[in-house]
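Numbering (our numbering), first residue to last: 2 to 159.
Ideal Cβ positions, reconstructed from N, Cα and C, are used throughout, including at glycine.
Note that the coordinates shown come from a computational prediction; the quantities given were computed from them, not determined experimentally.
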């Protein structure tokens, strides 16, 4: 209940003075997948686990792809977390990431958020602000999100 392990840290005092502590500040340190070995300043500009996962999955893309694609993560009806891309098929780097972290992959035509909502997600977060079309879809389906709405039309919607 106080955020401690029941056995001492195997690396001893190299992990800090409190041998039973799992994080110096359990509220301020967010590392849902255990991938950041250094003290984070602000590792995830998001408010939820799905937001963190969307950003982690998005970061597996090369910088050029990151500028043009959107990645979304959502809580599926069975309680698992799934990811989707704005591409019709989730890119290979994100498929590998999903497989290594136990996430389901959802392919579909449309925006990443749209793909997850069509698959039944009830909570969705994205790697960038949610466009007007997806905002309407989120609201009409009773889906929750911590990702801000951009208030703009999609530049890629046909």
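Practice task
Take residue 133 as the anchor and find which of 124, 144, 150 and 123 has the nearest alpha-carbon.
Solution key: As a first step, residue 133 must be located in the chain shown, where it is residue number 132. When each option's Cα is compared against that of residue 133, the closest is 150.
Practice task
Note the first and the last residue of the continuous beta strand (DSSP E) segment covering residue 125.
Solution key: The residue labelled residue 125 in the question sits at position 124 within the chain shown. Residue 125 -> beta strand (DSSP E) spans 124 to 127.
Handout entry: Local Cβ density within 10 Å of residue 75, reported as buried at 16 or more and exposed below that
Key = Within the chain shown, residue 75 is the residue found at index 74, counting from 1. Counting Cβ neighbours within 10 Å, residue 75 comes out buried, since at least 16 surround it.
Handout entry: Assigned secondary structure, residue 120 (DSSP; H/G/I helix, E/B strand, else coil)
Key = Position 119 of the chain shown, counting from 1, holds the residue named residue 120. Coil at residue 120, not helix or strand.
Practice task
Return yes when the Cβ of residue 113 is within less than 8 Å of the Cβ of residue 87, no when it is not.
Solution key: As a first step, residue 87 is located in the chain shown; it is residue number 86 there, counting from the start. As a first step, residue 113 is located in the chain shown; it is residue number 112 there, counting from the start. Going by C-beta atoms, residue 87 is nearer than 8 Å to residue 113.
Practice task
Please state if the CB of residue 80 and the CB of residue 107 are separated by a distance shorter than 8 Å.
Solution key: The count along the chain shown starts at 1 and reaches residue 107 at position 106. The count along the chain shown starts at 1 and reaches residue 80 at position 79. Contact flag unset, no.
Exercise for the section: Give the range of the alpha helix (DSSP H) segment to which residue 52 is assigned. Expected result: Working through the chain shown from its first residue, we reach residue 52 at position 51. 50 to 59 is the extent of the alpha helix (DSSP H) around residue 52.
Practice task
Return the chain-ordered list of same chain residues with a C-beta closer than 6 Å to the C-beta of residue 99, the five sequence neighbours on each side being excluded.
Solution key: Here residue 99 is taken as the residue at index 98 of the chain shown, counted from 1. Correct list, in chain order: 84 and 106.
Exercise for the section: Just the C-alpha distance for residue 49 and residue 147, rounded to the nearest angstrom, thanks. Expected result: Position 48 of the chain shown holds residue 49. Position 146 of the chain shown holds residue 147. Roughly 7 Å separates the two Cα atoms.
Exercise for the section: Could you tell me the boundaries of the alpha helix (DSSP H) in which residue 71 lies? Expected result: On the chain shown, residue 71 is found 70 positions in, with the first residue counted as 1. Element bounds for residue 71: n/a, residue is neither H nor E.
Handout entry: Exposure of residue 41, with buried meaning 16 or more beta-carbon neighbours within 10 Å
Key = Within the chain shown, residue 41 is the residue found at index 40, counting from 1. Bear in mind that a pLDDT of 48 at residue 41, under 50, signals an unreliable position, so the model cannot answer this.
Problem - Cβ-based burial, residue 152 [other Cβ within 10 Å; buried from 16] - result: As a working mapping, residue 152 is identified with position 151 in the chain shown. Classification of residue 152: exposed, given that the 10 Å Cβ count is below 16.
Exercise for the section: Could you check what DSSP says for residue 139 in three-state terms: helix, strand or coil? Expected result: Residue mapping note: residue 139 aligns to position 138 of the chain shown, counting from 1. In the structure shown, residue 139 sits in a helix (DSSP, three-state: H, G or I).
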